[in-house]
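Take a look at the structure set out below.
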Amino acid sequence: MKWIILITGIIFEVLGTICMKYAEGFTKLVPSILVFVF
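Residue numbers (this note's numbering): 8 to 45.
In structure tokens:
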């Protein structure tokens, strides 16, 4: 169970970082919202 939580956290961190790239300085709405979600 601990491994599943760790892997989920890593996936969310990577997705948040990718969305930060696409947010372009938080000028695009959807990627900016996803940064805060992830």
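Just so it is clear, CB atoms sit at the ideal spot from N, CA and C, and this is done for glycine as well.
Is there at least one Cβ from chain D nearer than 8 Å to F33's Cβ?
Absent here is chain D; the protein component of the structure consists of one chain.
Presumed contact (8 Å Cβ cut-off) between F45 and L22, rounded CB distance:
For the purposes of this step, residue 45 is identified with residue 38 of the sequence shown, where counting begins at 1. For the purposes of this step, residue 22 is identified with residue 15 of the sequence shown, where counting begins at 1. Yes, they are in contact, since the Cβ atoms of F45 and L22 sit about 5 Å apart, within 8 Å.
Rounded distance between the beta-carbons of C26 and L41, thought under 8 Å
In the sequence shown, counting from the first residue as 1, residue 41 sits at position 34. In the sequence shown, counting from the first residue as 1, residue 26 sits at position 19. That pair is a contact at about 4 Å.
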